[in-house]
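Residue numbers (the UniProt record's numbering): 1 to 413.
In this text, a Cβ means the ideal position worked out from N, Cα and C, and glycines have one as well.
Remember, predicted model here, so these are calculated numbers, not experimental data.
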């Protein structure tokens with residue numbers, strides 16, 4: 001969500017730029033299987049609710065009083081909870097249909113074998129059908145053995161799971177992700193997107209093509225095979241949002257961390273986040289940001305806050321980080337900074353990524369995977385020339401097995 005805030009009691013305008021509230025979120029419970037009526041109905045409901053959420057978010061940007069802000073935030077939070085529950089119901093539906101899909105595939109395979117036994121062995125198509133696995137016949141690819149899942153030794157942020165044409169993949173989406181009808185020709189196109197991309201969130205895809213566009217961003221052309229009997233040509237999506245196809249996507253998740261492993265993991269996640277932030281800036285001709293210990297302290301507290309309330313604002317609609325920085329005396333007239341912004345993200349503790357990769361992909365996704373018309377301004381914060389300093393905080397929540405990352409940006413202009 002875009003947010004420009006003027007601090008009225010300062011004689012000089014204090015602009016809070018690009019406070020963004022998108023979620024880079026992969027689900028913690030995902031199941032392979034057929035799409036069904038429940039999924040279709042839920043996708044439609046989710047789309048309708050997301051339209052409402054964006055409407056209230058636009059109103060929140062224009063709200064003048066705390067009472068109005070509080071009322072709008074209450075509506076947004078209530079609708080977000082509805083979306084979360086609908087997605088949970090959809091995932092449960094996937095679980096119940098997985099065994100049915102596998103059983104159907106096996107039965108189909110057995111029937112084919114019986115028929116083939118009475119056909120001439122010289123028929124090439126019959127020979128291929130006999131040797132293909134049930135999954136290959138059903139989905140067009142074989143699922144990857146979950147025991148083989150590990151971070152790639154050669155890390156490519158544009159294709160972290162090193163997927164190729166003909167592979168299957170899970171699409172981990174969120175409200176920001178765009179799907180395009182044609183291969184985009186720029187880093188962040190603002191047109192050519194399909195409507196309601198959220199309907200494909202958490203769906204199983206077949207990769208029919210991979211291309212690197214003129215801006216050197218990798219995209220995949222995907223076909224939705226969640227329902228093998230009704231495959232859907234979806235379009236082009238940024239390749240980094242696709243993850244290895246295992247039959248149960250829960251197998252992409254590491255066991256819950258504990259003890260000293262948590263601190264070690266957090267340290268690596270932060271290292272990846274810092275390095276990707278400054279590398280992306282340098283690649284775009286911008287200066288590197290310098291860490292400010294005060295901003296880091298704010299960011300660390302914010303990373304803890306967002307575990308229970310994933311928002312930039314308090315219950316009255318005030319930007320939490322901005323208020324804290326003003327109270328600390330580092331933001332405002334005659335202070336260290338007069339401009340600031342914040343990005344927040346949630347990252348799954350996924351075993352196909354190293355902890356470093358988890359932090360790195362947080363920034364990469366916010367820079368390249370957000371739809372150009374999403375208005376979250378993640379990308380704008382990362383690539384802003386108004387900022388000179390940063391603070392990054394990382395917290396881990398064992399209950400959800402996810403990392404929560406807060407980025408604080410500030411500058412003097």
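Can you give, in chain order, each stretch of the beta strand (DSSP E) that sits fully within the segment 197-234 and has at least 3 residues?
List check, beta strand (DSSP E) in window: 204-212, 218-224.
When you compare each of 413, 313, 135, 346 to residue 70 by their alpha carbons, which one comes out closest?
Start at 1 with the first residue of the chain shown, and residue 70 comes out as number 70. Ranking the options by Cα distance to residue 70, first place goes to 313.
Thinking residue 141 and residue 206 are a contact (beta carbons under 8 Å), I'd like their distance in whole angstroms, please.
For the purposes of this step, residue 141 is identified with residue 141 of the chain shown, where counting begins at 1. For the purposes of this step, residue 206 is identified with residue 206 of the chain shown, where counting begins at 1. The Cβ separation is near 6 Å, so the contact holds.
Find the nearest neighbour of residue 344 within the set 214, 320, 354, judged by alpha-carbon distance.
Taking the chain shown and counting its residues from 1, one reaches residue 344 at position 344. When only C-alpha atoms are compared, the closest one is 320.
Under three-state DSSP, which class holds residue 399?
Start at 1 with the first residue of the chain shown, and residue 399 comes out as number 399. Note: residue 399 maps to coil in three-state DSSP.
Whole angstroms are fine: how far does the CA of residue 357 sit from the CA of residue 155?
Within the chain shown, the letter at position 155 stands for residue 155. Within the chain shown, the letter at position 357 stands for residue 357. Spanning the two alpha carbons is a distance of roughly 8 Å.
Report yes if the CB atom of residue 267 is closer than 9 Å to the CB atom of residue 391, and no otherwise.
Taking the first residue of the chain shown as 1, we reach residue 267 at position 267. Taking the first residue of the chain shown as 1, we reach residue 391 at position 391. Cβ distance not < 9 Å, so residue 267 and residue 391 don't count as in contact.
What three-state label does DSSP hand residue 144 in the structure shown?
Here residue 144 refers to the residue found at position 144 of the chain shown. Coil.
What residue from 85, 160, 73, 376 has the CA that sits closest to residue 360's CA?
Here residue 360 refers to the residue found at position 360 when the chain shown is read from its first residue. The shortest C-alpha separation from residue 360 is found at 160.
Jot down the residue ranges of each uninterrupted beta strand (DSSP E) in the segment 236-321, minimum 3 residues, whole runs only, in chain order.
Complete beta strand (DSSP E) runs here, min 3: 242-244.
In angstroms, rounded to a whole number, what distance separates the CA positions of residue 86 and residue 49?
Locating residue 86 in the chain shown gives position 86, counting from the first residue. Locating residue 49 in the chain shown gives position 49, counting from the first residue. When rounded, the distance between both Cα atoms is 10 Å.
Does the separation of the CB atoms of residue 406 and residue 327 fall below 9 Å?
By 1-based counting over the chain shown, the position of residue 406 is 406. By 1-based counting over the chain shown, the position of residue 327 is 327. For residue 406 and residue 327, no; Cβs fall outside 9 Å.
Quick check on the burial criterion: 16 or more other C-beta atoms within 10 angstroms. Buried or exposed for residue 51?
Taking the chain shown and counting its residues from 1, the one referred to as residue 51 is at position 51. With fewer than 16 Cβ atoms within 10 Å of its Cβ, residue 51 is classed as exposed.
For residue 339, name the three-state secondary structure that DSSP assigns.
On the chain shown, residue 339 is found 339 positions in, with the first residue counted as 1. If DSSP states are grouped into helix, strand and coil, residue 339 belongs with the strands.
Just to confirm the assignment, what range does the beta strand (DSSP E) spanning residue 168 have?
By one-based count along the chain shown, residue 168 stands at place 168. Residues 168-171.
Quick one: what does DSSP say residue 36 is sitting in, helix, strand or coil?
For the purposes of this step, residue 36 is taken as residue 36 along the chain shown, with counting starting at 1. Annotation note: pLDDT 38 at residue 36 (below 50); position unreliable, coordinate value reported separately. Residue state, collapsed to three classes: coil.
Report the three-state DSSP secondary structure of residue 362 (helix, strand or coil).
Indexing the chain shown from 1 puts residue 362 at position 362. Helix, per DSSP.
Is residue 408 near residue 325, with beta carbons less than 9 Å apart?
Looking up residue 408 in the chain shown gives position 408. Looking up residue 325 in the chain shown gives position 325. Yes.
State the CB to CB distance for the pair residue 350 and residue 252, rounded to an integer number of angstroms; the pair is presumed to be in contact (CB under 8 Å).
As a first step, residue 350 is located in the chain shown; it is residue number 350 there, counting from the start. As a first step, residue 252 is located in the chain shown; it is residue number 252 there, counting from the start. So it is a contact: roughly 5 Å between Cβ atoms.
Is the beta carbon of residue 382 closer than 9 Å to that of residue 281?
Position 281 of the chain shown holds residue 281. Position 382 of the chain shown holds residue 382. Result yes, Cβ atoms of residue 281 and residue 382 sit closer than 9 Å.
What is the residue span of the alpha helix (DSSP H) that residue 380 lies within?
Against the chain shown, residue 380 aligns to sequence position 380. 378-382 is the span of the alpha helix (DSSP H), which, as asked, contains residue 380.
Can you tell which of 45, 348, 353 has its C-alpha closest to the C-alpha of residue 196?
As a first step, residue 196 is located in the chain shown; it is residue number 196 there, counting from the start. The candidate whose alpha carbon is nearest that of residue 196 is 45.
Is the beta carbon of residue 389 closer than 9 Å to that of residue 410?
Taking the first residue of the chain shown as 1, we reach residue 410 at position 410. Taking the first residue of the chain shown as 1, we reach residue 389 at position 389. Their beta carbons are under 9 Å apart, which means residue 410 touches residue 389 by this criterion.
Output the boundary residues of the alpha helix (DSSP H) element that contains residue 151.
The count along the chain shown starts at 1 and reaches residue 151 at position 151. Where residue 151 is concerned, there is no enclosing alpha helix (DSSP H), given that its DSSP letter is neither H nor E.
Leaving out five residues on either side along the sequence, give the residues of the same chain with a beta carbon under 8 Å from the beta carbon of residue 315.
In the chain shown, residue 315 corresponds to position 315, counting from 1. Correct list, in chain order: 70, 73.
In chain order, what residues of the same chain lie with their CB nearer than 6 Å to the CB of residue 355, ignoring the 5 residues before and after it?
On the chain shown, position 355 is the one that residue 355 refers to. The residues are 265, 268, 269.
Do residue 395 and residue 307 have their C-beta atoms within less than 9 Å of each other?
Residue numbering aside, residue 395 sits at position 395 when the chain shown is read from its first letter. Residue numbering aside, residue 307 sits at position 307 when the chain shown is read from its first letter. Against a cut-off of 9 Å, the Cβ pair of residue 307 and residue 395 comes out as a contact.
For residue 238, which of 287, 188, 53 has the nearest alpha-carbon?
The residue given as residue 238 occupies position 238 in the chain shown. Of the listed residues, the one whose Cα sits closest to residue 238 is 188.
Which of the three DSSP states is assigned to residue 190 in this structure?
The residue given as residue 190 occupies position 190 in the chain shown. The answer is coil: DSSP assigns residue 190 none of H, G, I, E or B.
Out of 145, 215, 178, 338, state which residue places its alpha-carbon closest to the alpha-carbon of residue 366.
Within the chain shown, the letter at position 366 stands for residue 366. Measuring from the Cα of residue 366, the nearest candidate turns out to be 178.
Roughly how many angstroms separate the alpha carbons of residue 335 and residue 412, rounded to a whole number?
As a first step, residue 335 is located in the chain shown; it is residue number 335 there, counting from the start. As a first step, residue 412 is located in the chain shown; it is residue number 412 there, counting from the start. Whole-angstrom Cα-Cα distance: 9 Å.
According to DSSP, is residue 348 helix, strand or coil?
Your numbering for residue 348 matches position 348 in the chain shown. It is a strand residue.
Could you check where the alpha helix (DSSP H) with residue 164 kicks off and where it finishes?
Translated into the one-based positions of the chain shown, residue 164 becomes position 164. From DSSP, residue 164 is part of no alpha helix (DSSP H); its letter is neither H nor E.
Should residue 284 be labelled buried (16 or more other beta-carbon atoms within 10 Å of its own) or exposed?
Taking the first residue of the chain shown as position 1, residue 284 is located at position 284. It is exposed - the Cβ of residue 284 has fewer than 16 other Cβ atoms within 10 Å.
Can you tell me where the alpha helix (DSSP H) holding residue 138 begins and where it ends?
The count along the chain shown starts at 1 and reaches residue 138 at position 138. Its alpha helix (DSSP H) spans residues 134-139.
Can you tell which of 64, 67, 66, 60 has the C-alpha that lies nearest to the C-alpha of residue 76?
Stepping through the chain shown from its first residue, residue 76 is reached at position 76. Ranking 64, 67, 66, 60 by Cα distance to residue 76 puts 60 first.
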